[in-house]
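Residue numbering for the sequence shown is 1222 to 1348, as defined by this note's numbering.
Just so it is clear, CB atoms sit at the ideal spot from N, CA and C, and this is done for glycine as well.
So the structure is just underneath, and the comments pick up after that.
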Amino acid sequence: MPIKRYGADKSGAGGQNLPFARAVEAGGWLYVSGQVPMKDGEIVGTGIIEQTHLTIKNVIAILEEAGYGLEHVVRCGVWLDDPRDFWSFNAVYKSYFGEHPPARACVQSTMMVDCKVEIDCVAYKGP
């Protein structure tokens, strides 16, 4: 079973190369690394709603690059900087996943970059 890596050579904040791939595909499974509200190497937005939209759009861009879509997502991991953002985050999240949401864990965590949300996911597309 071949393993394909997406974006292992892409830059992170400040133009630094990061020591991990944006996504890895193996056997129909796609593992998307944690995404934050980053555009052109910089964190964008200050509110949870704006940052959640951009974070999910970053996840979608990686899924699409690999030939997957939100309908293939089976699990998401979510980190929120502030638990008071939970309900606002959920409203935005639901607008993307609708009536067929994936399994999900959501925890409060201090972020490694100055943002309010990070999302990773696992997607599956059978043969």
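Between the Cα of Trp1250 and the Cα atoms of Ile1281, His1293, Glu1285, which residue gives the shortest distance? As a working mapping, residue 1250 is identified with position 29 in the sequence shown. If we check each option's Cα against that of Trp1250, His1293 comes out closest.
Looking at the structure shown, is Lys1346 part of a helix, part of a strand, or coil, going by DSSP? Position 125 of the sequence shown, counted from the first residue, corresponds to residue 1346. Lys1346 falls in the coil class under three-state DSSP.
Taking Cβ to Cβ, would you say Ile1277 is nearer than 9 Å to Ala1312? The residue given as residue 1277 occupies position 56 in the sequence shown. The residue given as residue 1312 occupies position 91 in the sequence shown. Not in contact: Ile1277 and Ala1312 (Cβ atoms no closer than 9 Å).
Per-residue burial, Phe1241 [other beta carbons within 10 Å of its own, 16 or more giving buried]: Along the sequence shown, one-based indexing puts residue 1241 at 20. Exposed, because fewer than 16 other Cβ atoms sit within 10 Å of the Cβ of Phe1241.
Could you give the uninterrupted runs of the beta strand (DSSP E) lying entirely in the segment 1280-1322, keeping only those of 3 residues or more? 1294-1301
Coarse secondary structure for Leu1251, derived from DSSP in three states: As a working note, residue 1251 is residue 30 in the sequence shown. In the structure shown, Leu1251 sits in a strand (DSSP, three-state: E or B).
Within 10 angstroms of the Cβ of Ile1340, are there 16 or more other Cβ atoms? Answer buried if so, exposed if not. Residue 1340 sits at position 119 when you count from the first residue of the sequence shown. Its Cβ being crowded by 16 or more others within 10 Å, Ile1340 is buried.
Cβ separation of Lys1225 and Tyr1289, assumed to be a contact under 8 Å, to the nearest whole Å: Against the sequence shown, residue 1225 aligns to sequence position 4. Against the sequence shown, residue 1289 aligns to sequence position 68. Not a contact, Cβ separation roughly 12 Å.
Between which residues of its own chain and Leu1291 is the CB-CB distance below 8 Å, once the five residues before and five after are set aside? One-based indexing of the sequence shown puts residue 1291 at position 70. Ile1281, Leu1284, Tyr1317, Phe1318.
Assuming Val1328 contacts Thr1273 (C-beta within less than 8 Å), just tell me the rounded distance between them. In the sequence shown, residue 1328 corresponds to position 107, counting from 1. In the sequence shown, residue 1273 corresponds to position 52, counting from 1. With a Cβ gap of about 15 Å, Val1328 and Thr1273 do not count as contacting.
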